[in-house]
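If you read the protein sequences in the order shown, they are chains A and B. So in my numbering, the last one in the first sequence is 219, and the numbering has no gaps at all. So in my numbering, the last one in the second sequence is 458, and the numbering has no gaps at all.
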Amino acid sequence: MRIVLAEDHALLRAGLTQLLEAKGFEVVAAVDNLTELERALDDPSAEAAVVDVRMPPTFTDEGLRAAIAARERRPGFPVLVLSQYVEQLYARELLASGEGAVGYLLKDRVSDVAEFVDALRRVADGGTVLDPSVVAAVLDRRKDTPVDRLTEREREVLALMAEGRANAGIAQALVVTEKAVAKHINSIFAKLDLPADTDDHRRVRAVLEWLRF
Amino acid sequence: MSSSSLDDVRPGDVSPDGGARAGRWTVTGYAALHVLLFAPIVVTFVLVVVSSVLVVVWVGILLLAGLLPAMRGLAGLHRSMAGRVLGTPVPAPYLPLTGGPLADLRTRAADPMTWRDLLWMLWAMTFGFAVSLLAVVLFLAVVTLPIWWYGVVPLLRGRAAVDRAILTIGRTERLEQRVEALTASRAVVVDHSATELRRIERDLHDGPQARLAAVSLSLGLADDLFDSDPEAARRLINEARGTSSTALGELRDVVRGIHPPVLADRGLAGAVSALALDMAVPVELALDVPDRLPAPVESAVYFAVAECLANTAKHAGAAQSWVSIRHDGAVLRGEVGDDGRGGADLRGGTGLPGVAARLAAFDGTLSVSSPVGGPTVVTWEVPCASSSPKTTRS
């Protein structure tokens with residue numbers, strides 16, 4: 007798979023390139039500034055991007071903005087945003103840029119190579135991957151929304167869905183059978199009024215619904 | 065906290081050129097009014113002096129409670145007349161009044177301006193009165209009309225200048241007050257930043273520094289064990305990875321405490337929106353800050369909002385809170401409120417006084433309204449012009 011990589015720290019950029027190539031990805035562009043990133047994202051042969059939030063020239067949020075802009079031009083273009091810190095505000099903006107195929111992770115997660123590569127694959131497959139710290143922050147908040155109708159267990163399942171796990175992964179994390187997970191998920195869809203569609207989109211929409219409040 | 069700003073010292077006060085000056089008819093009218101007010105001034109002066117003596121038998125306190133405002137009224141009237149004659153306003157820098165009648169009386173009695181008012185009455189009853197009387201007589205005596213024609217305006221301007229000299233503090237005194245206020249707020253800010261630096265140093269020393277040393281140690285051990293016991297080496301590397309993650313998390317917290325990244329990225333409005341998202345209590349936002357503000361102001365106001373919202377979450381037991389911030393190009397005004405149980409006090413704790421001190425460094429003011437039973441509303445004002453946007457975005 008052909009990946010665009012944007013990261014302004016030379017060491018991290020080299021490390022990430024090495025890591026991705028070792029895991030069978032092809033890094034078509036490894037850039038360190040906004041202009042080059044925009045050019046690389048316009049390359050139609052790129053299949054996904056891994057983008058740092060901050061980079062030159064202003065070192066604020068140009069990476070995020072560029073990723074969102076790219077998804078406007080190419081709907082559903084998979085983007086995994088890596089950041090030194092995670093902000094709910096940015097997670098929402100990213101999620102609002104289309105259904106699925108986005109991820110937002112802390113840079114430290116890269117140290118768990120298998121998890122990170124798995125996350126990138128899921129994003130490339132159209133899934134949604136959110137950093138556990140964003141998920142935890144949302145969980146902490148009291149809400150008065152349709153999400154309140156969920157049971158404690160269903161909320162746990164939804165949180166793991168938001169982290170981008172498949173049913174098998176959720177079952178493993180909660181030590182239940184996959185069948186039980188599927189049952190919970192169906193119940194979540196029902197409670198959030200998400201009518202049958204393709205299953206993947208419903209998952210993303212359930213997560214969106216949950217983040218919205 | 066008193067609100068004073070550099071605007072209080074205007075060049076116009078020392079070179080009274082701006083504004084329309086009164087003509088000879090108007091100044092004659094004022095002179096006539098001065099003459100008519102002679103009797104009230106004398107009566108008030110005598111009563112004030114007598115009451116001050118009677119304070120020892122308590123009756124004086126009652127009398128003064130009524131007389132001091134009357135004296136201010138008379139002085140105020142003359143201030144505005146002198147202002148018209150000179151063409152520049154004559155400000156009345158009294159100390160702000162607070163609370164009950166007794167406290168107000170004490171404030172008034174201790175106000176140096178009150179003593180100036182008394183001094184001014186002495187002048188207004190004697191030479192000042194003579195000048196005004198002369199102006200009126202020159203006009204009424206018909207034969208002296210030519211003298212009146214040319215002389216009345218300088219005469220009354222002279223009197224008004226003396227009135228102003230006594231009735232308002234001079235530029236020097238205002239600058240002295242300003243220097244005093246700045247010295248106080250600088251001391252607080254210096255103190256605050258020293259405390260902050262110590263806290264940051266301690267946080268870094270106890271957290272990330274120690275952990276990174278441990279990472280380095282684990283990796284060294286792993287290197288050593290690599291050939292003899294690869295399993296143990298792998299365990300050590302895993303451990304090191306976990307420790308470095310924790311160190312990164314701690315560094316993030318330190319950075320957030322110094323300058324939140326989202327504030328740098330998005331400015332005040334964006335950062336406050338992000339704060340609101342993290343709140344357990346729903347926060348209604350009304351943010352109207354079109355431009356980026358100077359970074360120190362953004363930071364101080366951000367931490368003010370963060371402190372207020374943290375208080376709401378911790379103490380208020382509120383179901384709803386709101387934040388409104390508006391920048392009109394010159395002044396940033398904001399408000400954080402909640403429908404909780406109230407009882408917040410600017411004097412209690414360290415959070416709000418700290419915020420007030422930080423805002424004072426920018427000539428900002430903060431006030432808290434929080435009756436027991438709620439609601440709590442914290443409002444602040446910081447004079448500041450917007451800086452040019454830090455980023456150029458298409």
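Positions of the beta carbon are idealized from the N, C-alpha and C atoms, including for glycine.
For V87/A against V59/A, the beta-carbon gap comes to about 6 Å, under 8 Å, which counts as contact.
The beta carbon of P138/A sits closer than 7 Å to the beta carbons of E169 from its chain, once the five residues preceding and following it are set aside; these are given in chain order. E169/A carries a coil assignment under DSSP once its states are collapsed to helix, strand and coil. In this structure, DSSP gives E13/A a state outside helix and strand, which the three-state scheme calls coil. For D402/B, no alpha helix (DSSP H) encloses it; the enclosing beta strand (DSSP E) starts and ends at V395 to D402. Under the three-state reduction of DSSP, W386/B is assigned to strand.
At a cut-off of 8 Å between C-beta atoms, V326/B counts as an interface residue with respect to chain A. G106/A places its beta carbon less than 8 Å from that of G133/A. Pairing V387/B with V336/B gives a Cβ-Cβ distance under 8 Å. For A425/B, same chain residues with a beta-carbon under 6 Å away, outside a window of 5 residues either side, are S249 and V253 in chain order. Listed in chain order, the non-local C-beta contacts of G271/B below 6 Å within the same chain comprise E314, local neighbours out to five positions each way being set aside. Here E53/A has M7, R8, I9, P84 and A130 as same chain residues with Cβ atoms under 8 Å from its own Cβ, once five neighbours each way along the sequence are excluded. DSSP lists S388/B as the beta-bridge partner residues of A350/B. Proximity of L341/B to chain A, defined by a Cβ-Cβ separation below 8 Å, is satisfied.
For L312/B, the nearest CB of chain A lies under 8 Å from its own CB, placing it at the interface with that chain. Residue environment analysis places V123/B among the exposed positions, since fewer than 16 neighbouring C-beta atoms fall within 10 angstroms of its C-beta. Nearest CB-CB separation between L95/A and chain B: below the 8 Å threshold. Membership of V34/A in the beta strand (DSSP E) is indicated by the continuous run E32 to V37. Taking 8 Å as the cut-off, the beta carbon of L136/A is found closer than this to the beta carbon of A97/A.
Taking C-beta atoms as the reference points, V365/B and L332/B count as a pair closer than 8 Å. Look at E265/B here: in three-state DSSP terms it is helix. Taking C-alpha positions only, A311/B is separated from R275/B by approximately 6 Å.
Annotated as distal: L373/B and L423/B, with beta-carbon spacing of 8 Å or more. With fewer than 16 neighbouring CB atoms inside 10 Å of its own CB, T190/B falls in the exposed class. Remark: fewer than three beta-carbon pairs, one from each stretch, lie closer than 8 Å, so the region 105-114 of chain B and the region 154-162 of chain B are not flagged as touching. G334/B reaches chain A at L95, counting residues in chain order whose Cβ is nearer than 8 Å. For G109/A, no alpha helix (DSSP H) encloses it; the enclosing beta strand (DSSP E) starts and ends at V108 to L112. By alpha-carbon distance to S433/B, the top candidate from D329/B, A420/B, G406/B and V446/B is G406/B. Residue pairing by DSSP places T443/B opposite E399/B and S431/B in a beta bridge. Fewer than three pairs of CB atoms, one per stretch, sit closer than 8 Å, so the region 162-175 of chain B makes no contact with the region 207-222 of chain B. Its chain contains W386 as the residues whose beta carbon lies nearer than 6 Å to that of E348/B, once the 5 sequence neighbours on both sides are disregarded; these appear in chain order. Around S282/B, the same chain offers L300, I301, E303, A304 and T307 as residues with beta carbons nearer than 8 Å, after the five sequence neighbours per side are excluded.
Our two residues, V207/B and R148/B, have alpha carbons roughly 28 Å apart in a direct line. Straight through space, the alpha carbons of P104/B and L209/B are spaced by roughly 29 Å. For secondary structure counted as the alpha helix (DSSP H) over 4 or more consecutive residues, the region 199-247 of chain B holds these complete runs in sequence order: 209-231.
Distance between S144/B and L416/B, taken at the CA atoms: about 39 Å.
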